[in-house]
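Chains as they are written, first to last, in the working numbering: chain A, 1 to 358; chain X, 1001 to 1644. One structure is given here, and the rest of the page talks about it.
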């Protein structure tokens, strides 16, 4: 079989794998709800697998000069540019995971406060304080300038007497920002810009897997941004210009639409991440706040029971976060490094391919 | 909760204990071989237990009243602060310790009441509930007090006292080779820490006097299971302080995209800032922060390192990120020195980083920085290689006007003049890169001159760089049509090369042999110039018949004219040439003068009879003086001396 045919076969296989992997992601088992921590792990794995195959097709055993000729002299640098943008998103999301871990820490206080028998007013107060901080941590508008400094909390410097329950924010770290004026939404937008599916002859050649990989990279980054709160997600695009006829894209598009729907729903209410555990935590926090608000010792037996159920659910979520969040950060770092390496590989190829004959 | 004595009489709990104790005593008493001492102890114990039992029974009802009284007292002490605008710890040590006592008392009461059996009465439940509420209020208050203390007594230190910025000359590599001025490099030492350079400089991030206060609050909160609240408050204040300081240092977050696109002068100053900030943050601030965490939270297990990690993570990752972005960037030659700065700084700081982030949770930070070091090293080598390539490929279309020192020469020599400062690092990196190549690179055939410095990898590479430069200069010289100018150009440039080497630490690496060889080179070019220019001119003054006294008048006129024209031509052309180095210029003028003036004087002397003729346009003095005008850089034409 000559190299041309081999190449076509490889491309087909690659796209079949892509399709399979995303189909798997679309129908997660019970524990692995869409956009849960463990689902995100699987998404990142899918990215790494696809990327490895992609690099193999494009670079292995290939004459570098081939990739310096049109249309690759445009397609490859574009891919590399998108890869760089993806790197910044990886960093933003990894920082975002830290804020989710912060929520986890706060929920620990809530659990500790409410997991008491008998439950007293003091416990309820403790829980309520932590719940307020938790809710504001989750719904903090990730715009710049809306963080409340710890030093400005109204309880210090003698400005006492203010109802402590009114204190809204918790401190949002300055270096949580990727950069001043950086926006994850705009970043995704600029990655989508100029993304055009190959047509005609190009559609059956190497430009095709390049396009596929671009789409995968954008999708993965987009899903991460939707799930994990990070800098400035306002205006996150919800539509990808991926033609529906592409066979390999069906599951991916399906996933994208599902997530986009969720996003649109949540956008109206507030901006917490779509991370499954965060969503559940938010709901529980809301009902627990209502509970602690209306609680007076010894409290309504029914309500106390309900609260206990919520607390045990919260415990479960806490457990999942406790186990999965740090590994998630590591996983994102792994993806980060892979993208860096891949970029270097492609830059090398371009350099070799365009080196003048000495 | 802490397993402390409850201090509260318990009913059934105690009764059970007492009953169990009685059993044990009876069982022990029944054993045969009891010593007298042991028997005595058992009898004592028995009577004690009986007393306790009767006490319990009698005190049964009264116990609760005591408890309530104690709670009332504690409540007063605690709740009075809720309406007081002052902060407790601002009001004095007695207030603070009173408060903590009251909190402690409340805690004991809670524990004791909790230990009572399930069948307690309603009154008991009420008291317990009240106690827990008061306790919660106190805990909440302690959290506020903690934040207040940290903020009020937090201290910032002046970075300038720690490390003075190392001001290394910024060389701008401009595609068009704007000539770099030969200024002496302003290099101030980069270390000025008041403490020993290799060690940390610990400062008090929080006033030392309040540390015990913070510790006492920590103790109370942690033993009451309010540790998470303590951590939350502590971390948020300290983290904010660190990040404020970080931006006060002038470092800002930059996205990787920004860094990759950044223009060189801007990037250069940010790289400089990074090396400076790293030292201050790691060696001073974080070391101090870690100490603070240990002071306050030491003895509470892994809490101290957890808090430290949470406080410092974002800042240190920000620094890491910049480093990674730089290492990713295009490795152009002008970046070399800054990359070496970053490399050296990080290599120095690695041990500190390892110490700071030694626990498992922080180990990934260690790892990332180790990896970054490697990548910075690779980037530095890539920039180094690119430097050579840039030299070779620097082509010229037109000859360099005037034949002076070419900007490429200036740039390269001024640049490599800085390399000796980094020689250790460069050697390390070069050695790792090409373990065997050091042999392949120009091995000096300089026999006995193989001192350590002249034979180290950096020396090889330096000589290789200069030989690359020389080749390029030779190529450039070929652009001149005038052979004499070629030689002037090469003379100027090689002379410059040698001067730069001799006048800096480069001489240690190039060695005396190299210097000698290159001295000879430019002198050779000087001689070649003389031959090329003046041979033909002086040939007019040659005496073909050494024996005879003089030549024919016509011959004399011809020769005179020929000489004048030739001389004027040379004058016109070569006044526009340039020899920038004054000493070199003078030397060449003297040497030329010796030849030409002597020949002219001799020529005129031989033909004295004709010297008043009009054809002798120039006096010897005039020729002599005119020679001094050569190589001035601007074209002039010669006036007849006779007109004056």
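Where is the CB? At the ideal position from N, CA and C, for every residue including glycine. All of these numbers come straight from a predicted model, not from anything done at the bench.
Residue i vs residue j beta-carbon contact at 8 Å
{"i": "residue 1214 of chain X", "j": "residue 1296 of chain X", "result": "yes"}
{"i": "residue 1494 of chain X", "j": "residue 1579 of chain X", "result": "no"}
{"i": "residue 222 of chain A", "j": "residue 19 of chain A", "result": "no"}
{"i": "residue 1496 of chain X", "j": "residue 1409 of chain X", "result": "yes"}
{"i": "residue 1376 of chain X", "j": "residue 1346 of chain X", "result": "yes"}
{"i": "residue 178 of chain A", "j": "residue 1253 of chain X", "result": "yes"}
{"i": "residue 346 of chain A", "j": "residue 87 of chain A", "result": "no"}
{"i": "residue 1341 of chain X", "j": "residue 1271 of chain X", "result": "yes"}
{"i": "residue 1381 of chain X", "j": "residue 1469 of chain X", "result": "no"}
{"i": "residue 1458 of chain X", "j": "residue 1432 of chain X", "result": "no"}
{"i": "residue 204 of chain A", "j": "residue 75 of chain A", "result": "no"}
{"i": "residue 1339 of chain X", "j": "residue 1403 of chain X", "result": "no"}
{"i": "residue 1492 of chain X", "j": "residue 1412 of chain X", "result": "no"}
{"i": "residue 1646 of chain X", "j": "residue 1509 of chain X", "result": "Nothing can be reported for residue 1646 of chain X: it is not among the residues displayed for chain X, which extend from 1001 to 1644."}
{"i": "residue 216 of chain A", "j": "residue 50 of chain A", "result": "yes"}
{"i": "residue 183 of chain A", "j": "residue 137 of chain A", "result": "no"}
{"i": "residue 324 of chain A", "j": "residue 68 of chain A", "result": "no"}
{"i": "residue 1490 of chain X", "j": "residue 1473 of chain X", "result": "yes"}
{"i": "residue 1575 of chain X", "j": "residue 1632 of chain X", "result": "yes"}
{"i": "residue 1316 of chain X", "j": "residue 1256 of chain X", "result": "no"}
{"i": "residue 1264 of chain X", "j": "residue 1322 of chain X", "result": "no"}
{"i": "residue 1155 of chain X", "j": "residue 1205 of chain X", "result": "yes"}
{"i": "residue 14 of chain A", "j": "residue 214 of chain A", "result": "no"}
Per DSSP, the bridge partner or partners of residue i
{"i": "residue 1206 of chain X", "result": "X:1154"}
{"i": "residue 1578 of chain X", "result": "X:1632"}
Contact list for residue i against chain A, beta-carbon separation under 9 Å
{"i": "residue 1228 of chain X", "result": "105, 106, 108, 109, 112 and 130"}
{"i": "residue 1232 of chain X", "result": "102, 105, 106, 109, 130, 133 and 170"}
{"i": "residue 1225 of chain X", "result": "112"}
Under 7 Å from the C-beta of residue i: neighbouring residues of chain X
{"i": "residue 134 of chain A", "result": "Here the premise fails: no neighbours, minimum Cβ distance about 11 Å."}
{"i": "residue 96 of chain A", "result": "Simply none; closest approach about 12 Å."}
{"i": "residue 87 of chain A", "result": "1256"}
Where residue i meets chain A, residues with beta-carbon distance less than 7 Å
{"i": "residue 1478 of chain X", "result": "Result: empty, since nearest Cβ-Cβ is about 20 Å, beyond 7 Å."}
Within chain X, the residues that residue i reaches when beta carbons sit closer than 8 Å
{"i": "residue 331 of chain A", "result": "Those within 8 Å of residue 331 of chain A in chain X number zero; the least Cβ separation is about 12 Å."}
{"i": "residue 123 of chain A", "result": "1132 and 1136"}
{"i": "residue 177 of chain A", "result": "1253"}
{"i": "residue 186 of chain A", "result": "In chain order: nothing, as chain X lies at least about 11 Å away."}
Amino acids of chain X, ordered along the chain, whose beta-carbon sits closer than 9 Å to that of residue i
{"i": "residue 91 of chain A", "result": "1255, 1256, 1317 and 1321"}
Beta-carbon neighbours of residue i, restricted to chain A and to distances below 8 Å
{"i": "residue 1364 of chain X", "result": "330 and 333"}
Return the residues of the region 1310-1332 of chain X that lie within a Cβ-Cβ distance of less than 8 Å from chain A, sorted by chain order.
Taking 8 Å as the cut-off between beta carbons, the residues of the region 1310-1332 of chain X near chain A are 1313, 1314, 1315, 1317, 1318, 1321, 1324 and 1328, in sequence order.
Touch test, the region 225-234 of chain A against the region 268-286 of chain A, Cβ-Cβ under 8 Å, three pairs minimum
These segments touch.
Mind the definition here: the region 118-127 of chain A touches the region 1284-1293 of chain X only if three or more C-beta pairs lie below 8 Å; say whether that holds.
Cβ pair count under 8 Å is below three, so no.
With 9 Å as the C-beta to C-beta threshold (strictly closer), list the residues of the region 20-41 of chain A near chain X in chain order.
Near chain X, meaning a CB-to-CB distance below 9 Å, no residue of the region 20-41 of chain A qualifies.
Check whether the region 127-139 of chain A and the region 288-298 of chain A touch, using three or more Cβ-Cβ pairs below 8 Å as the test.
Here the region 127-139 of chain A makes contact with the region 288-298 of chain A; the two share three or more CB pairs at distances below 8 Å.
Residues from the region 1234-1262 of chain X in contact with chain A, defined by Cβ distance under 8 Å
Flagged, chain order: 1236, 1237, 1239, 1240, 1243, 1244, 1246, 1247, 1252, 1253, 1254, 1255, 1256, 1257, 1258 and 1260.
Please name the residues in the region 271-294 of chain A whose beta-carbon is closer than 8 Å to at least one beta-carbon of chain X, in chain order.
Only those residues of the region 271-294 of chain A whose C-beta falls short of 8 Å from the nearest C-beta of chain X would be listed, and there are none.
Spell out a yes or no on whether the region 1516-1531 of chain X and the region 1551-1566 of chain X are touching, meaning 3 or more CB-CB pairs, one atom from each, closer than 8 Å.
When C-beta atoms of the region 1516-1531 of chain X are compared with those of the region 1551-1566 of chain X, fewer than three pairs fall below 8 Å, so the two segments do not count as touching.
Between the region 1627-1640 of chain X and the region 1592-1602 of chain X, are three or more C-beta pairs nearer than 8 Å?
They touch, by the three-pair rule.
Say whether the region 1073-1088 of chain X touches the region 1041-1049 of chain X, bearing in mind that this needs 3 or more beta-carbon pairs closer than 8 Å, one atom from each stretch.
In short, these stretches do not touch, since the Cβ pair count stays below three.
Between the region 293-301 of chain A and the region 131-140 of chain A, can you find at least three pairs of beta-carbon atoms closer than 8 Å?
Result no; under three Cβ-Cβ pairs closer than 8 Å.
Stretch pair the region 1091-1111 of chain X + the region 1205-1220 of chain X: three plus CB contacts closer than 8 Å:
The region 1091-1111 of chain X and the region 1205-1220 of chain X touch, with no fewer than 3 CB-CB distances between them shorter than 8 Å.
Can at least three beta-carbon pairs, one atom from the region 106-113 of chain A and one from the region 181-201 of chain A, be found at a separation below 8 Å?
Using a Cβ-Cβ distance cut-off of 8 Å, the region 106-113 of chain A and the region 181-201 of chain A are not in contact, since fewer than three pairs of beta carbons, one from each stretch, lie closer than that value.
Counting Cβ pairs, one atom from each stretch, are 3 or more of them under 8 Å apart for the region 23-42 of chain A and the region 53-63 of chain A?
Three or more Cβ pairs closer than 8 Å define a contact, and the region 23-42 of chain A falls short of that threshold against the region 53-63 of chain A.
Looking at C-beta atoms only, is the number of pairs between the region 1236-1252 of chain X and the region 1324-1335 of chain X that lie closer than 8 Å three or more?
Judged by Cβ distances under 8 Å, the region 1236-1252 of chain X makes no contact with the region 1324-1335 of chain X, as fewer than three pairs qualify.
Members of the region 1130-1145 of chain X that neighbour chain A once the beta carbon cut-off is set at 8 Å:
Taking 8 Å as the cut-off between beta carbons, the residues of the region 1130-1145 of chain X near chain A are 1132, 1133, 1134, 1135, 1136, 1137, 1139, 1140 and 1144, in sequence order.
The region 249-261 of chain A touching the region 58-74 of chain A, judged by at least three CB pairs closer than 8 Å:
For the pair of segments examined, the region 249-261 of chain A was found not to touch the region 58-74 of chain A: the number of CB pairs separated by less than 8 Å stays below three.
Selection of the region 74-85 of chain A by Cβ proximity to chain X, strictly under 7 Å
When C-beta distances to chain X are compared with 7 Å, the residues of the region 74-85 of chain A below that value are 84 and 85, in chain order.
Interfacial residues, the region 221-238 of chain A to chain X, with Cβ spacing under 9 Å
Answer set for the region 221-238 of chain A: empty.
For the region 290-320 of chain A, which residues have a beta carbon sitting closer than 9 Å to at least one beta carbon of chain X?
Taking 9 Å as the Cβ-Cβ cut-off against chain X, the residues of the region 290-320 of chain A that qualify are 297 and 298.
Mind checking the region 335-356 of chain A against chain X and listing, in chain order, the residues whose C-beta falls within less than 7 Å of any C-beta there?
Correct list: 340.
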